[in-house]
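A.B. asks: In terms of the numbering used here, the sequence shown opens at residue -1 and continues consecutively.
Built from N, CA and C at the ideal position, the CB exists for glycine as well.
Since the structure is predicted, the reported quantities are computational estimates derived from the model, not experimental observations.
I have a structure I would like to understand better, so I am pasting it below and will then ask my questions one at a time.
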Amino acid sequence: LGGLVGQSKKLNISNCSVNIEATVQGERVAIGGLVGTNSFLFDNYSLTGNGGLNESLVERVVLEDCRVNGSISANGVSNTLGGLVGYGRYLFAKDSINDAMLNGTYTNSDSYNCYGGIAGASRAYVIDGCINNGSIAGGKNVAGIVCDYGTLTTTNVGTEPKIITSSNNNGAMDGINAAGILYREDFTSYALSPFTIKNCANTGTVIGNVASGVLTCMNNGIVERCYNTGRIVGLESVSGIATKNVYGNIS
């Protein structure tokens, strides 16, 4: 479900502004202020080395100079909710802003419940110059920019870009696992899939059992010139940059 498009395999949107007020009831629904999802039940895509892609096959959404205002509520199990995109199989976002408030519900066993200011969830993403100003609450896994869904299969390891640059979160985050920029977990598929965060900042309050100003787990990643000035409140693990450092570089 999306403010402009519910589902599309290949989509480009630029210079677009949407004001949305929506309440959604359902399970396994991808909900976004602009786009619900660009992924179908099958994964029909082909990637090449160094983050390249075969544009005739890949399921992708490209956003530039877009903005969303308003509020979106999602009630149900395993929903992905994003200010701009609910679930982006392959997401490019540049110079786009979310001002919408996001909130919803989850169950403790619901590991796929993900809310993000730019995208609720994505497996491969390049996000540059984006800002989230909207508050996010009620999700199990929440992040100011995006929640990382890991790598689909081991054959895709290292070929799917996961890059966030020059992007900021100013909105309040409140969830079980909460991060100002990126949510990741300590799974094998995540650890095998490298990511990069550069020149990013969090100024929003982050509250959760696990709470971090930048990302929830540092596993096989690079974090450069990032900072947090927001208030961080956690019950189990709290950090200004990364709550857990499995391996990676922070500078």
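Would DSSP call threonine 201 helix, strand or coil?
C.D. replies: coil
A.B. asks: Alpha carbon to alpha carbon, how far is glycine 30 from glycine 1?
C.D. replies: 7 Å
A.B. asks: Keeping to the same chain, check which residues put their C-beta closer than 6 Å to that of threonine 152; ignore five residues upstream and five downstream.
C.D. replies: The predicted position of threonine 152 is uncertain, since its pLDDT is 48 and thus under 50; no value can be drawn from it.
A.B. asks: Rounded to whole angstroms, how far is the Cβ of leucine 61 from the Cβ of isoleucine 134, which I believe are closer than 8 Å?
C.D. replies: Not confirmed; about 18 Å, so no contact.
A.B. asks: In whole angstroms, what is the alpha-carbon distance linking isoleucine 161 and glutamate 19?
C.D. replies: 30 Å
A.B. asks: Just to check my reading of the structure: serine 235 and valine 208 have Cβ atoms closer than 8 Å, yes? What is that Cβ distance to the nearest angstrom?
C.D. replies: Taking C-beta atoms under 8 Å as the contact rule, serine 235 and valine 208 qualify, at a distance of about 5 Å.
A.B. asks: What would DSSP say about lysine 160, mapped onto helix, strand or coil?
C.D. replies: DSSP, read as helix, strand or coil, puts lysine 160 in strand.
A.B. asks: Aspartate 97 to asparagine 218, Cα distance in whole Å?
C.D. replies: Straight-line Cα distance between these residues: approximately 31 Å.
A.B. asks: Quick test of your reading: threonine 227 and asparagine 197, contact by CB under 8 Å. State the CB separation rounded to the nearest angstrom.
C.D. replies: Not really, about 15 Å apart at Cβ, beyond 8 Å.
A.B. asks: Evaluate glutamate 183 with the Cβ neighbour count: other Cβ atoms within 10 Å of its Cβ, from every protein chain shown; 16 or more gives buried, anything less gives exposed.
C.D. replies: buried
A.B. asks: Give the straight-line distance between the Cα atoms of serine 237 and glycine 68, rounded to the nearest whole angstrom.
C.D. replies: 30 Å
A.B. asks: Would you kindly work out how many angstroms separate the C-alpha atoms of isoleucine 143 and cysteine 215, rounded to a whole number?
C.D. replies: Taking the CA atoms as reference points, isoleucine 143 sits about 15 Å from cysteine 215.
A.B. asks: Nearest-angstrom Cα distance between asparagine 130 and alanine 72?
C.D. replies: Straight-line Cα distance between these residues: approximately 18 Å.
A.B. asks: Going by alpha carbons, who is nearest to leucine 32 out of Arg26, Ala170, Glu25 and Leu9?
C.D. replies: It is Leu9.
A.B. asks: Whose CA, out of Gly80, Ala122 and Asp63, lies closest to the CA of phenylalanine 4?
C.D. replies: For the record, residue 4 in the displayed sequence is glycine; it is not phenylalanine. Cα-wise, what sits closest to glycine 4 is Gly80.
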